[in-house]
Amino acid sequence: MTDRIEEFLSAVKSAFAGNSLVKLKLAGYHGGEPDLKSIDVKKIVAKGVEKFSFTFHYKTRDIIKNQIQPEALGNLRIALRDEFRSAQLATTEFDLSFERNGDKIRLKRIDVAGREAPSTEHNRAKNRPLSETNKPYLHALGITGKDGVVRNDAQDKFRQINKMVEIFAPLIQAIKADKPRIVDMGAGKGYLDFALYDYLANVANRPAEIVGVEMRDKLVEDGNATAAQSGFGGLSFQPGTILDHDATGADAVIALHACDTATDDAIFKGIAAGASLIAVAPCCHKQIRRQMEAGKPQDTLSNLLRHGIFMERQAEMVTDALRALYLELNGYRTKVFEFVSDAHTPKNNLIVAEKDGRAGRDRDAILKQIADTKAMFGIERHYLEGLLGL
927 MTDRIEEFLS
937 AVKSAFAGNS
947 LVKLKLAGYH
957 GGEPDLKSID
967 VKKIVAKGVE
977 KFSFTFHYKT
987 RDIIKNQIQP
997 EALGNLRIAL
1007 RDEFRSAQLA
1017 TTEFDLSFER
1027 NGDKIRLKRI
1037 DVAGREAPST
1047 EHNRAKNRPL
1057 SETNKPYLHA
1067 LGITGKDGVV
1077 RNDAQDKFRQ
1087 INKMVEIFAP
1097 LIQAIKADKP
1107 RIVDMGAGKG
1117 YLDFALYDYL
1127 ANVANRPAEI
1137 VGVEMRDKLV
1147 EDGNATAAQS
1157 GFGGLSFQPG
1167 TILDHDATGA
1177 DAVIALHACD
1187 TATDDAIFKG
1197 IAAGASLIAV
1207 APCCHKQIRR
1217 QMEAGKPQDT
1227 LSNLLRHGIF
1237 MERQAEMVTD
1247 ALRALYLELN
1257 GYRTKVFEFV
1267 SDAHTPKNNL
1277 IVAEKDGRAG
1287 RDRDAILKQI
1297 ADTKAMFGIE
1307 RHYLEGLLGL
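Residue 1316, in this note's numbering, is where the sequence shown stops; the numbers in between run on with no holes.
What follows is the structure in structure tokens.
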């Protein structure tokens, strides 16, 4: 088995060194990382250094990591031995397939001709959902200048917007409604709302209605004016609080960085509306942290909670873990993941809940998990419990 893996890696190494590597793909993942599907590998030259560029394909996102040859080959060796059942190496001269079944490995080589290797120049032009920047809303939001070019001080925000669209668009497109109604709770300036509507209407050709709910009247007024100027007839902004808004008929409820229990308000409104999708990026976790500080967590947690920074992080994890359990209790399949780099914002976790008739069936087991978690961390009551009548 080891010899066959080394034979395959030798072919990869030679193709890399000889500039004949076209593509390497690893599939059939069966490791322990949630939602990882496959990996694509290519050769790049970044700042004069030759590297392997790995694109990790997850269910809802892609992550790119560039590695120098020794590190890359070591990781490939582990992947082929323990994590992936198949790999396909394409070079300018031959294709080499790798198939592993238990301890047995099969290699198959097919010679090819007339194939050229792709450029190894590191392409900094990102494949973004929103490539057209000459849009009125981008200028109104301060992302672009009058010339339609993204401003230097807004590059990070533009990347963040594109990343959010990249994540949210497939979730919206998976909703079965012909014209899904999306409610953004605490919309602010509506960065996501404008970008998502633009993508769905003008790129994906997916009709949708988006409503941004915002307390500040000036932001509501500005948002509606910009939507009209952009010709976005299905995008509107409405004044009010999250709890006061009537979300009846919403197919999706989203909330980005709604502070502390405002995130729970959004989750509750989504559950009450029977929304197919609830997606929230929580911000602040004061309600649970105060209870953890005042309560009596189990003694074994004392070393984790005696430092303020650890208490803060643990409170975030416990709060969001309980939120996921309450969603599952109400018939949602949930997952939690990082949706933008922490270089842009430290509040970068996204809870995605999709309505699933199979979820929440073992109600007693979920209630026990909730009770055990609360007891472990000295929590009397999660704010969301009161909203849900638990």
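Positions of the beta carbon are idealized from the N, C-alpha and C atoms, including for glycine. Source: prediction; values computed, not measured.
Spatial distance of residue i from residue j (CA atoms)
i, j, result
"D1008", "G1000", "12 Å"
"L961", "A953", "One point to set straight first is that residue 961 is Asp, not Leu, in the sequence displayed. If you take the alpha carbons of D961 and A953, they lie about 13 Å apart."
"F1236", "M1090", "28 Å"
"F1010", "T1174", "45 Å"
"A1199", "L1293", "22 Å"
"L1253", "Y1123", "26 Å"
"K1261", "E1058", "31 Å"
"A1250", "H1308", "12 Å"
"L1316", "N1256", "11 Å"
"M1141", "Y1063", "20 Å"
"F1263", "G1196", "20 Å"
"N1049", "V1075", "In this predicted model, N1049 has a pLDDT of only 49, less than 50, meaning its place in the structure is not dependable; the value taken from the coordinates is given anyway. Roughly 19 Å between the two C-alpha positions."
"G1281", "S936", "Here residue 1281 is Lys; the residue named in the question, Gly, does not match the sequence. Those two C-alpha atoms are separated by around 47 Å."
"D1298", "A1247", "12 Å"
"G1283", "S1202", "11 Å"
"I1069", "E1147", "19 Å"
"S1267", "L1097", "In this prediction, S1267 scores a pLDDT of 48, lower than 50, which makes its location untrustworthy; no coordinate-derived value is stated."
"G1071", "V975", "35 Å"
"R1077", "H1065", "10 Å"
"Q1014", "M927", "17 Å"
"D1288", "T1018", "54 Å"
"K1222", "E1242", "18 Å"
"G944", "D1037", "16 Å"
Under 8 Å between C-beta atoms of residue i and residue j
i, j, result
"D1177", "K1212", "no"
"L1126", "N1088", "no"
"F1120", "L1161", "yes"
"V1206", "I1277", "yes"
"K969", "F980", "no"
"D1190", "L1313", "yes"
"I1093", "R987", "yes"
"L1022", "R1035", "yes"
"L1067", "K1144", "no"
"A1103", "S946", "no"
"A1184", "C1209", "yes"
"S1012", "E1025", "yes"
Where residue i falls: helix, strand or coil (DSSP)
i, result
"T1017", "strand"
"V1129", "coil"
"A886", "Past the edges of the chain, shown from 927 to 1316, lies residue 886, and the structure says nothing about it."
"S1067", "Strictly speaking, residue 1067 in this sequence is Leu, with Ser absent from that position. Coil."
"N1150", "helix"
"S964", "strand"
"E932", "helix"
"M927", "coil"
"M1111", "strand"
"I1087", "helix"
"I1305", "coil"
"S1045", "coil"
"V1075", "coil"
"E1238", "helix"
"G954", "strand"
"D1143", "helix"
"A1207", "strand"
"K1300", "helix"
"F1158", "coil"
"P1165", "strand"
"N1195", "First, the residue type needs correcting, since residue 1195 is Lys and not Asn in the sequence shown. Correct three-state label for K1195: helix."
"G1000", "helix"
"I1214", "helix"
"T1059", "coil"
"R1011", "strand"
"D988", "strand"
Closest residue to residue i among the options (Cα-Cα distance)
i, options, result
"A1134", "K1144, M1141 and V1109", "V1109"
"G1304", "G1257, A1291, Q1240 and L1310", "Q1240"
"A1130", "D1029, Q1086 and Q1099", "Q1099"
"A972", "G957, Q993 and I965", "Q993"
"A1113", "I1136, A1220, S1045 and K963", "I1136"
"D929", "K1030, V1244, L1310 and G1159", "K1030"
"R1085", "D1073, K1105 and L1118", "L1118"
"V1244", "M927, R1054 and A1301", "A1301"
"D1073", "Q1295, N1060, E932 and Q1081", "N1060"
"M1111", "H956, S964, Q1164 and S1228", "Q1164"
"L950", "G944, S964, L1310 and H956", "S964"
Distance cut-off 7 Å: residue i Cβ against heavy atoms of the ligand PLP
i, result
"P1055", "No copy of the ligand PLP appears in this structure; indeed no ligand is present at all."
Anticipated Cβ contact below 8 Å, residue i with residue j, distance rounded
i, j, result
"R1216", "E1238", "At roughly 12 Å, the Cβ-Cβ gap does not stay under 8 Å, so R1216 and E1238 are not in contact."
"F942", "Q995", "7 Å"
"L1002", "V938", "7 Å"
"A1005", "F978", "Incorrect: roughly 12 Å between the Cβ atoms, too far for contact."
"I1168", "A1188", "6 Å"
"I1204", "A1279", "4 Å"
"G1159", "V1139", "About 19 Å; that fails the 8 Å criterion."
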